[in-house]
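Right, one structure below, let's go through it.
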Amino acid sequence: MELFKIKKDIPFMKHALIFNAISFLTFALAVFFLFSRGLHLSVEFTGGTLMEVSYSQPADLQKVRGTVGTLGFSEVQVQNFGSARDVLIRLPAQKGVSSAQQSDKVLAALKANDPDVTLRRTEFVGPQVGDELAEDGLKALAFVVVGIMLYLAIRFEWKFAVSAIIANLHDVIIILGFFAFFQWEFSLAVLAAVLAVLGYSVNESVVIFDRIRENFRRYRKMNTVEIIDNAITSTISRTIITHGSTQIMVLSMLLFGGETLHYFAMALTIGILFGIYSSVFVAAAIVMWLGIQREDLIKPIKKDNDPGDENSGAVV
Amino acid sequence: MNRYPVWKYAIILIAMLLGVVYTLPNFFGEAPAVQVSSGKATIKVDTSTLQKVEDALKAASVAPQSVALEGTSIRARFDSTDQQLKAKDAIQKALTPESGDSPYVVALNLVSRSPAWLTALHASPMYLGLDLRGGVHFMLQVDMQAALTQRLEALAGDLRSVLREKDVRHGGISRNGQSIEIRLRDAQQLEGAKRVLSAQFADLQAQEAADGTEFRLTASIKPEAARRVQEQALKQNITTLHNRINELGVAEPVIQQQGLDRIVVQLPGVQDTAKAKDILGRTATLEVRMVDESTEARAAEQAGGIVPFGAERYLERDGRPLVVKKQVVLTGDNLTDAQPGFDGQTQEPVVNLTLDAKGARIFKDVTRDNIGKRMAIILFEKGKGEVVTAPVIRSEIGGGRVQISGRMTTAEANDTALLLRAGSLAAPMEIIEERTIGPSLGAENIAKGFNSVTWGFLVIVAFMFIYYAVFGLVSGIALGVNLLFLVAILSMLQATLTLPGMAAMALALGMAIDSNVLINERVREELRNGVSPQAAIHAGYDRAWSTIFDSNITTLIAGVALLAFGSGPVRGFAVVHCIGILTSMFSAVFFSRGLVNLWYGGKKKLKSVSIGTVWRPEGGSAVKAD
Numbered sequence: 037m038e039l040f041k042i043k044k045d046i047p048f049m050k051h052a053l054i055f056n057a058i059s060f061l062t063f064a065l066a067v068f069f070l071f072s073r074g075l076h077l078s079v080e081f082t083g084g085t086l087m088e089v090s091y092s093q094p095a096d097l098q099k100v101r102g103t104v105g106t107l108g109f110s111e112v113q114v115q116n117f118g119s120a121r122d123v124l125i126r127l128p129a130q131k132g133v134s135s136a137q138q139s140d141k142v143l144a145a146l147k148a149n150d151p152d153v154t155l156r157r158t159e160f161v162g163p164q165v166g167d168e169l170a171e172d173g174l175k176a177l178a179f180v181v182v183g184i185m186l187y188l189a190i191r192f193e194w195k196f197a198v199s200a201i202i203a204n205l206h207d208v209i210i211i212l213g214f215f216a217f218f219q220w221e222f223s224l225a226v227l228a229a230v231l232a233v234l235g236y237s238v239n240e241s242v243v244i245f246d247r248i249r250e251n252f253r254r255y256r257k258m259n260t261v262e263i264i265d266n267a268i269t270s271t272i273s274r275t276i277i278t279h280g281s282t283q284i285m286v287l288s289m290l291l292f293g294g295e296t297l298h299y300f301a302m303a304l305t306i307g308i309l310f311g312i313y314s315s316v317f318v319a320a321a322i323v324m325w326l327g328i329q330r331e332d333l334i335k336p337i338k339k340d341n342d343p344g345d346e347n348s349g350a351v352v
Numbered sequence: 010m011n012r013y014p015v016w017k018y019a020i021i022l023i024a025m026l027l028g029v030v031y032t033l034p035n036f037f038g039e040a041p042a043v044q045v046s047s048g049k050a051t052i053k054v055d056t057s058t059l060q061k062v063e064d065a066l067k068a069a070s071v072a073p074q075s076v077a078l079e080g081t082s083i084r085a086r087f088d089s090t091d092q093q094l095k096a097k098d099a100i101q102k103a104l105t106p107e108s109g110d111s112p113y114v115v116a117l118n119l120v121s122r123s124p125a126w127l128t129a130l131h132a133s134p135m136y137l138g139l140d141l142r143g144g145v146h147f148m149l150q151v152d153m154q155a156a157l158t159q160r161l162e163a164l165a166g167d168l169r170s171v172l173r174e175k176d177v178r179h180g181g182i183s184r185n186g187q188s189i190e191i192r193l194r195d196a197q198q199l200e201g202a203k204r205v206l207s208a209q210f211a212d213l214q215a216q217e218a219a220d221g222t223e224f225r226l227t228a229s230i231k232p233e234a235a236r237r238v239q240e241q242a243l244k245q246n247i248t249t250l251h252n253r254i255n256e257l258g259v260a261e262p263v264i265q266q267q268g269l270d271r272i273v274v275q276l277p278g279v280q281d282t283a284k285a286k287d288i289l290g291r292t293a294t295l296e297v298r299m300v301d302e303s304t305e306a307r308a309a310e311q312a313g314g315i316v317p318f319g320a321e322r323y324l325e326r327d328g329r330p331l332v333v334k335k336q337v338v339l340t341g342d343n344l345t346d347a348q349p350g351f352d353g354q355t356q357e358p359v360v361n362l363t364l365d366a367k368g369a370r371i372f373k374d375v376t377r378d379n380i381g382k383r384m385a386i387i388l389f390e391k392g393k394g395e396v397v398t399a400p401v402i403r404s405e406i407g408g409g410r411v412q413i414s415g416r417m418t419t420a421e422a423n424d425t426a427l428l429l430r431a432g433s434l435a436a437p438m439e440i441i442e443e444r445t446i447g448p449s450l451g452a453e454n455i456a457k458g459f460n461s462v463t464w465g466f467l468v469i470v471a472f473m474f475i476y477y478a479v480f481g482l483v484s485g486i487a488l489g490v491n492l493l494f495l496v497a498i499l500s501m502l503q504a505t506l507t508l509p510g511m512a513a514m515a516l517a518l519g520m521a522i523d524s525n526v527l528i529n530e531r532v533r534e535e536l537r538n539g540v541s542p543q544a545a546i547h548a549g550y551d552r553a554w555s556t557i558f559d560s561n562i563t564t565l566i567a568g569v570a571l572l573a574f575g576s577g578p579v580r581g582f583a584v585v586h587c588i589g590i591l592t593s594m595f596s597a598v599f600f601s602r603g604l605v606n607l608w609y610g611g612k613k614k615l616k617s618v619s620i621g622t623v624w625r626p627e628g629g630s631a632v633k634a635d
């Protein structure tokens, strides 16, 4: 089976401007939603108490809301979680009241209304922990960005490093934009997914950059644009199949992983889709704008010919 | 060119063998068990305890699958949970003395059913996180400021009495925030106070200032001493928590220091959070009392008669009763430290107690008046008192330094010191994070994680086989081997598997296939360019390698960042993610190449390889390569 029967190199770079414009637009939209709506942060970040309770019958959310409301909490959120019988209750952190008292009070009130309610889990996070988590998250993001840039700068060239990071940070912002727009819950697991996606979609750029470097060595007569087009064209089938395979896994998580893994898988899905787009169209285009040249990659003294490579002699 | 030397195959075989052995325990499931471990620092679980457990089970006619001493605990496995419950009651009864508390923790547990030869190889199943087995997780913040304040108060008191002893007059000593202020009238007193400080208070550093005609000496705790105080406070709190949690009967509690001032407590299987929290927050106390030396009291001790008025009966550690007066001489509040050590002359193991100024004064008076009599040190734990030691007072003891000695082994001295220190919390703690996961949710989470991995894996393998034929099959097998190694390494490391960890496993597999896709595409491309099959395989693997390496490194950078900065669930994710990347490099490149070499490498005149359709644009039509 072969899904990609491409006869000629596709002139991706001819349309680079359009791709970049599209990217910029989505990016701007994502930033806009991030600022206008903000992220719906989970209890882990904001601090507070989260309770998951389970009823034997589909739960009446209005009643639950009423019961919890009478206890004098402000801003209580009550929603279904996974199935109609499971209910998630979010309580804000209260000064002077310990989490135990909070959750015990709520459970007692719910039990008074319906004795067969059971507590499935509770989660309490103090406000100081929440701040720290947000800080650690930003630190991790900075570490990944700097680490990857350094590695690419050493292994390739600074122009590649810069464009790969721009392309992939743009993915990260777009994922966050989606979470802001739909007001999906942004939890620690989602943060992990975002960072994993950052590492993963840089892969994509690396594969293409690797090809660009190889093409500069092999095809002395092609110009930069042709070289980039050829590199993208010859790796596109691999790009799509790989991402497809990863997406199969993520889809499997989305289908079988339940509510807990839902947003994690969601973040990965968006990351994978935009990862393809950004590495293929954005990263390569930025490299082109930055003016990559054969001389940037092929150092005159460097002798890197593979003895097992039949082509190394023939093309020079 | 596509042949592996024998040693490379040997590596693959050995790695596979290790992988299988260490993955195996995960498949045997778990048996209901009763676990007996020590509930007090002074009690050790040994073969005699094992004998007791076996006898108890025989007496109750419960037949266990096995009873064994494993490390510091005894585990008895059973066929059913009914037997498990019956056995727990029987064991508990047998191990609890007539009067008082059981010194052992008898808890229900689930232990691996894996056969003994696997356990002997240290192959045990992955440790399941709380979100997969249910339980309670707490993170506690220790109030270090309070610990320092407490220490400063004690020091201020000591300072007062030492200055009085040395006849240095002062115009008042007070604790002011995190420092002690001493007011002094003239330069001579100032000199005197400074001398005392530098000679006897190594933990303090002082600064002097003129205050009108008077002088002011401001003493603060030296940074290294402050650090020591904080470390000790944390350690003591952890020890105290250990003692208290033992009461809950949790099979495998985790009590760990996190950062400089935090403690994480995880209690698998515990559902009653309220009780757990209650017990964690409770205090235990130490009391010093005089032994009642009257003849009635002696009689009460020996014959179990009526205890005289104004006295109480407590048990010593060896079970002998001792009658002590109700009047309390000192409480643990006056104890600032307890350390094991050796007597300077007899080289006998001892426990050195340090009392604060008030305690020292009382102790001095009491010992002066009661030479030749016995004094009992009683620890009240769980509302019950136990005599730790009851030595005879040989002389007046001043200075607040007390040595407890008397037929102790080094281990006993250590335990006693620990017990005395651990009586109460060194500094208040606050719960800053709490998670409770019900057991049904845990089981569901396992199923969810398992299904995600299985279905994703199967679909990918099926797709690879359809798309790349034999090469796809090789990729699929390599992916399976990757999973095997991943599980084996996680089991070997005894890493904690959580739901995010299972998600990372699924993701690792999804990403690992990238390497094989790269290789397969490369081989196809070489074939498309008209290279001979053997050369194409060689070039495909060779050229793909640098790309695979680069892309895995960038993914690894992200993984390491998560490991370094992540906490809780993110850490669980990161560990699996990082290990998955490393195993994928081995399985997808080294292992799959081995399989391909085995299949094709020997064939000298290889006409074609089975890698699906190799499509050539020149001809305009597809050329089947196999």
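Protein chains in written order, with the working numbering: chain A, 37 to 352; chain B, 10 to 635. Each residue gets a CB set at the ideal place from its N, CA and C atoms; glycine is no exception.
C-beta atoms of residue i and residue j nearer than 7 Å
{"i": "Ala-515(B)", "j": "Val-462(B)", "result": "yes"}
{"i": "Gln-242(A)", "j": "Met-49(A)", "result": "Checking the sequence shown, residue 242(A) turns out to be Val, not Gln. No, they are not a contact pair."}
{"i": "Ser-593(B)", "j": "Val-483(B)", "result": "no"}
{"i": "Tyr-136(B)", "j": "Met-501(B)", "result": "no"}
{"i": "Phe-55(A)", "j": "Phe-317(A)", "result": "yes"}
{"i": "Ala-636(B)", "j": "Val-532(B)", "result": "Nothing about residue 636(B) can be reported from this structure: the residues present for chain B run from 10 to 635 only."}
{"i": "Glu-80(A)", "j": "Ser-223(A)", "result": "yes"}
{"i": "Asp-371(B)", "j": "Met-384(B)", "result": "Note on identity: in this sequence residue 371(B) is Ile, with Asp being the wrong assignment. Not in contact: Ile-371(B) and Met-384(B) (Cβ atoms no closer than 7 Å)."}
{"i": "Val-470(B)", "j": "Gly-485(B)", "result": "yes"}
{"i": "Leu-508(B)", "j": "Asn-454(B)", "result": "yes"}
{"i": "Arg-307(B)", "j": "Val-316(B)", "result": "no"}
Per-residue burial, residue i [other beta carbons within 10 Å of its own, 16 or more giving buried]
{"i": "Arg-256(A)", "result": "exposed"}
{"i": "Ser-630(B)", "result": "Bear in mind that the predicted position of Ser-630(B) carries a pLDDT of just 42, short of 50, making it unreliable; the figure below should be weighed with that in mind. The residue is exposed, with fewer than 16 neighbouring Cβ atoms inside 10 Å."}
{"i": "Pro-14(B)", "result": "exposed"}
{"i": "Lys-613(B)", "result": "exposed"}
{"i": "Val-182(A)", "result": "exposed"}
{"i": "Asp-88(B)", "result": "exposed"}
{"i": "Arg-173(B)", "result": "exposed"}
{"i": "Lys-175(B)", "result": "exposed"}
{"i": "Phe-210(B)", "result": "buried"}
{"i": "Glu-530(B)", "result": "buried"}
{"i": "Ala-634(B)", "result": "Because Ala-634(B) carries a pLDDT of 41, less than 50, the predicted location of this residue cannot be relied on, and no value is offered for it."}
Residue i: first and last residue of the uninterrupted beta strand (DSSP E) it sits in
{"i": "Lys-42(B)", "result": "The residue asked about is misnamed: residue 42(B) is Ala in this sequence, not Lys. From DSSP, the beta strand (DSSP E) with Ala-42(B) extends over 39-47."}
{"i": "Asn-361(B)", "result": "358-364"}
{"i": "Pro-410(B)", "result": "Checking the displayed sequence, the identity of residue 410(B) turns out to be Arg instead of Pro. Start and end: 410-413."}
{"i": "Tyr-323(B)", "result": "320-325"}
{"i": "Met-258(A)", "result": "Element bounds for Met-258(A): n/a, residue is neither H nor E."}
Host alpha helix (DSSP H) of residue i (start-end)
{"i": "Asn-379(B)", "result": "Segment: none, Asn-379(B) is in no alpha helix (DSSP H) and carries neither H nor E."}
{"i": "Asp-122(A)", "result": "Per DSSP, Asp-122(A) belongs to no alpha helix (DSSP H); it is in the beta strand (DSSP E), 119-128."}
{"i": "Gln-209(B)", "result": "196-209"}
Rounded Cβ spacing between residue i and residue j (contact assumed at less than 8 Å)
{"i": "Gly-407(B)", "j": "Leu-141(B)", "result": "In fact, because the Cβ distance is near 58 Å, the residues do not count as touching under 8 Å."}
{"i": "Val-396(B)", "j": "Ile-387(B)", "result": "5 Å"}
{"i": "Leu-149(B)", "j": "Ile-23(B)", "result": "Not confirmed; about 45 Å, so no contact."}
{"i": "Arg-86(B)", "j": "Ala-132(B)", "result": "17 Å between Cβ atoms; not a contact."}
{"i": "Leu-39(A)", "j": "Ser-273(A)", "result": "7 Å"}
| the segment 144-158 of chain A contacting the segment 181-195 of chain A, beta-carbon criterion three pairs below 8 Å | Below 8 Å, too few C-beta pairs join the segment 144-158 of chain A and the segment 181-195 of chain A to call them touching: fewer than three.
| message | Whether or not the segment 350-363 of chain B and the segment 316-330 of chain B are in contact is what I'm after, with contact meaning three or more pairs of Cβ atoms, one per stretch, closer than 8 Å; do they touch? | response | Output reads no: the segment 350-363 of chain B does not touch the segment 316-330 of chain B.
| query | Would you call the segment 178-190 of chain B and the segment 151-168 of chain B in contact, with 3 or more CB pairs under 8 Å? | reply | Inter-segment contact for the segment 178-190 of chain B and the segment 151-168 of chain B is present: three or more beta-carbon pairs are separated by less than 8 Å.
| said: Between the segment 296-304 of chain B and the segment 269-279 of chain B, can you find at least three pairs of beta-carbon atoms closer than 8 Å? | reply: Counting Cβ pairs under 8 Å, fewer than three are found: no touch.
| field | Three CB pairs or more closer than 8 Å across the segment 88-105 of chain A and the segment 138-148 of chain A | value | Short answer: they touch.
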